[in-house]
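Numbering (our numbering), first residue to last: 26 to 583. Idealized CB from N, CA, C, for every residue including glycine. Nothing here was measured: the structure is a model prediction, and the numbers come from that model.
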């Protein structure tokens, strides 16, 4: 059997060897006799002629192999000079094969472009799709470029020859000044135009110094546990399951809608999130509250998929050219979206009919009606559930790094915004209006004396027997301020020590040593105490201080 197979193979090789030798002889205008001794230069010249005619490398390689078989089987000549040619063509075949696969991948990614659009937009869409931008990003960027073209009256690629950074800068300034757009809108327009010049025109627009839209610090809206319960209580069906996913797993609305059957791991209570923001993937825990509702959703989705298979319309969009590599994957149940649309839709790239997931505007409309019925006046969007998820985890003591991984943030600084929300809630500032209503302002007020309280003015001489302690010394924990009875200064004066006292002793002495006033000042105070107001006496007393050296110092320290 093996001998027969070898004989058949040699017959096929000899057949093609004679065919290629006939072509070679015809190319070099030889008689075609089998005794023509062709050289390696003859083979190379023939191969180059085939290359110019568009023959691929694999076909030229088959030609060289056929001529080698003819020399080996018919002419019985050595093959040493033809081996390098064969090896070179083998390398070219591999290179061309990789290039063809890349071209097929690019064609699959770029897909179909509307030929009725301007050539600038067509080139722009191709560049965006080659770069892996999502369709939502493509739609937004194309809208910004079309607005720029409309403002500058640009129609085609040739019109952009005289457009540069100054035009982009003026356009962005007009958006901020005249359009009064949000900072994110202006930044999106800037990046859309930057991508256009870098990837389509291959030009650098230089440094843009446009007037930027002002951007303030935004604090996320967070719901309390009671508010979350109210909103969820007003929802039902598919929208309720999506809302629980957003709050229970911290998902974005786009991540929840793009959930496929294969992404739910019921055994390990995990959910895989793929192609998230920034084309990242992560794992989030599956709440026990959602296991049974999601099982029902999967069973319902399986019934719809079986109906699509019977109707011959079972198909779903696949990323990364998987539809070409795995043609049957689009019909497999595990690749289907969990929250599928009730109607088939056309892919904007390939124009093929698929059963896509729910439209991203469907859930917000259900959420808006639920919020209205719940009576909550806060501005609540689908992203509010994500903010509430992070804030409630942080309040429960979850580590900030764990929350960062669950949310899929690249930088922990983005997650730190929720710590500011916690700190803001922990700080309880009592308004002066509430203090006034509760009457607590009287407790914190200083004791009123003299004419300020509407009582008879009692001068300093009238309080010579009192010992007054400052009320403010208690809450601010500072030393007590005391005014002691006035005594006659001794003739000998204060005793001074040559040694410096301990600081603690010095503070104690300062707080307990009675203040001694000059006789003239004491008599003047006694005379004015009964005829002048408290504020007038205070100002007059300050005017006396510079005139009494050591006594003034004692008065200040007292």
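Counting only C-beta atoms, is residue i closer than 8 Å to chain D at any point?
i          : result
residue 34 : As a matter of chain content, chain D is missing from the structure shown, which is built from one protein chain.
Using only the alpha-carbon positions, how far apart do residue i and residue j sit?
i           : j           : result
residue 54  : residue 48  : 10 Å
residue 190 : residue 381 : 40 Å
residue 397 : residue 245 : 20 Å
residue 349 : residue 343 : 9 Å
residue 586 : residue 171 : Within the shown structure, residues of the chain are numbered from 26 to 583, placing residue 586 beyond reach of any answer.
residue 50  : residue 107 : 17 Å
residue 242 : residue 446 : 12 Å
residue 435 : residue 82  : 46 Å
residue 444 : residue 437 : 11 Å
residue 101 : residue 33  : 20 Å
residue 93  : residue 120 : 23 Å
residue 475 : residue 455 : Below a pLDDT of 50, predicted positions are generally treated as unreliable, and residue 475, at 45, falls in that range; no measurement from the model is reported.
residue 300 : residue 160 : 13 Å
residue 43  : residue 162 : 59 Å
residue 491 : residue 413 : With a pLDDT of 46 at residue 491, under the threshold of 50, the predicted position of this residue should be treated as unreliable, though the coordinate-derived value follows. Roughly 59 Å separates the two Cα atoms.
residue 69  : residue 114 : 11 Å
residue 169 : residue 143 : 14 Å
residue 340 : residue 207 : 39 Å
residue 77  : residue 37  : 28 Å
residue 361 : residue 327 : 9 Å
residue 157 : residue 359 : 24 Å
residue 204 : residue 303 : 29 Å
residue 357 : residue 379 : 13 Å
residue 353 : residue 333 : 14 Å
residue 253 : residue 402 : 13 Å
residue 580 : residue 249 : Legend: pLDDT at residue 580 = 46, less than 50; position of this residue unreliable, no value from coordinates given.
residue 215 : residue 377 : 33 Å
residue 86  : residue 235 : 59 Å
residue 61  : residue 79  : 27 Å
Could you tell me whether the Cβ atoms of residue i and residue j are closer together than 8 Å?
i           : j           : result
residue 411 : residue 276 : yes
residue 286 : residue 323 : yes
residue 309 : residue 274 : yes
residue 405 : residue 418 : no
residue 112 : residue 307 : no
residue 167 : residue 399 : no
residue 369 : residue 338 : yes
Starting from residue i, follow the beta strand (DSSP E) in both directions and report where the run begins and ends.
i           : result
residue 420 : Segment 407-420 is the alpha helix (DSSP H) holding residue 420; no beta strand (DSSP E) there.
residue 307 : 307-310
residue 428 : Counting along the chain, residue 428 falls outside any beta strand (DSSP E), though it belongs to the alpha helix (DSSP H) covering 425-432.
residue 297 : 295-298
In its own chain, which residues sit with a C-beta less than 8 Å from the C-beta of residue i, not counting the 5 before and 5 after it?
i           : result
residue 290 : 296, 297 and 311
residue 319 : 266, 289, 291, 311 and 363
residue 133 : Its pLDDT being 48, under 50, residue 133 is placed unreliably in this model, and the value from its coordinates should be taken loosely. Here the set comprises 346, 348 and 349.
Just to confirm the assignment, what range does the alpha helix (DSSP H) spanning residue i have?
i           : result
residue 146 : 144-155
residue 278 : 278-282
residue 316 : 313-336
residue 271 : 262-274
residue 256 : 250-258
residue 397 : 387-399
residue 350 : 347-350
residue 462 : 457-463
residue 438 : 437-440
Near residue i, what residues of its chain come up, given a Cβ to Cβ distance below 7 Å and the 5 sequence neighbours on each side ignored?
i           : result
residue 211 : 197, 200, 201, 237 and 238
residue 388 : 264, 267, 278 and 407
residue 529 : Reliability of the predicted coordinates at residue 529 is poor, the pLDDT of 45 falling under 50, and no value is obtained from them.
residue 517 : Residue confidence is low: residue 517 scores 46 on pLDDT, short of 50, so the model does not pin down where it sits. Its coordinate-derived value is still stated next. Contacts found: none.
residue 149 : 167, 170, 221 and 225
residue 372 : 342 and 379
residue 317 : none
residue 192 : 177
residue 65  : 106, 107 and 110
Residues in its own chain within less than 6 Å of residue i by CB, not counting five upstream and five downstream?
i           : result
residue 222 : 228 and 230
residue 145 : 182
*Identify every run of the alpha helix (DSSP H) within the region 159-223, keeping only runs that are complete inside it and at least 4 residues long; order them along the chain.*
The alpha helix (DSSP H) runs of length 4 or more contained entirely in the region 159-223 are, from start to end of the chain, 160-177 and 190-202.
*asked:* At 4 residues or longer, what runs of the alpha helix (DSSP H) sit wholly inside the region 32-87?
replied: Assignment of alpha helix (DSSP H) within the region 32-87, counting only whole runs of 4 or more residues, yields 65-77 in chain order.
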